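If you count the sequence shown from 1, position 48 lands on 428 in our numbering, and the numbers rise without skipping.
Beta carbons: idealized from backbone N, C-alpha and C, even for Gly.
Remember, it's a predicted structure, so these values are computed and weren't measured experimentally.
Data first, discussion second: the structure below is written as structure tokens.
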Amino acid sequence: MLEDLSLNLYIILFCVAFCAGFIDSIAGGGGMITIPALLLAGCPPHQAMGVNKLQSCFGSFSATLHFYKKGHIDIKDNIVPIFCVFVCAVGGALLVHFLDARFLSKCIPFLLIIFAFYFLFSPKITEEQSHVRYTHALLYFVLGVIGFYDGFFGPGTGSFLMLALIMLGGYGLKNALAHAKLFNFISNIAAMLVFAVGGQILWLLGFFMGVGQFIGANIGSRLALRYGIKIIKPLVVCVSLAVCAKLLYNEYF
């Protein structure tokens, strides 16, 4: 398939990855842009997922790096949840080779609707950090479940990570976004390794799109830090509803 791609198609996929990286760094949902584009380009489903995970690693790394440099992430304080997310994402990516993810596509849209309206109207969604509302063990468990989900299926992962960090961890909006990118990068790496071992990655295409992801995510993360809740909140709500609509359309039409 790789040798059949024209230069024009590479450029188009680069631009798609750039847009996905920009949106994903602020609100998540980038995979709902890149995966359909890869399928339209002729990638078989598992290879499309493999390439998507590879190029997503570039975008989530770019955003994570920027947030880390600005002091919003402390790696040492997140060793345990990083480990939980990594192991669970590996399990999810392994399971996707044996099970059909369609049952998830039936229920995830409704969870995203609930999330979008919670994010839109909840007074708890602010820029300020608050006290931890529940035990760290519960937060780490939920993050692990979301990591498993990202390895297995994926749409809305960034939204679910932010919701968990805000509701369970008491994170402010910017810190929730920063740590969501960190954990999303870890789950992307874990899933990508599984797809790589299974021979499901088109490396040249993945790296080419990854450059677009890296640039787009860097710009998006800068805007997120600059404008904060004014850009993050509406974009998260819009992306969550868009992902929901896409999943419902795929399932019922």
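From the options, residue whose alpha carbon lies closest to that of residue i
i	options	result
LYS613	LYS554, MET412, LYS561 and LEU474	LYS554
LEU627	SER405, ILE459 and GLY534	GLY534
GLY439	ASP404, TYR632, LEU387 and LEU418	ASP404
PHE402	THR444, GLN427 and ILE581	THR444
THR537	THR515, HIS426, ALA576 and VAL465	VAL465
GLY578	GLY592, LEU475, PHE447 and LEU393	LEU475
PHE540	PHE398, ILE599, PHE490 and PHE394	PHE490
TYR498	CYS618, TYR629 and PHE594	CYS618
GLY592	CYS468, ASN388, PHE501 and PHE394	PHE394
GLY430	HIS446, PHE441, PHE447 and GLY411	GLY411
Boundaries (first-last residue) of the alpha helix (DSSP H) holding residue i
i	result
ASP404	387-407
TYR520	516-532
CYS468	459-475
TYR551	Per DSSP, TYR551 belongs to no alpha helix (DSSP H) and is neither H nor E.
CYS437	425-449
ILE599	583-607
GLY343	No information on residue 343 is available, as it lies outside the stretch 381 to 633 that the chain covers here.
Environment of residue i [buried if 16+ CB atoms lie within 10 Å]
i	result
ASP454	exposed
LYS433	buried
VAL396	buried
LEU545	buried
HIS477	exposed
PHE633	exposed
Whole-Å CB distance - residue i paired with residue j, under 8 Å assumed
i	j	result
MET542	ALA560	5 Å
CYS423	MET572	Between MET572 and CYS423 the Cβ distance is about 15 Å, and since that is not below 8 Å, they are no contact.
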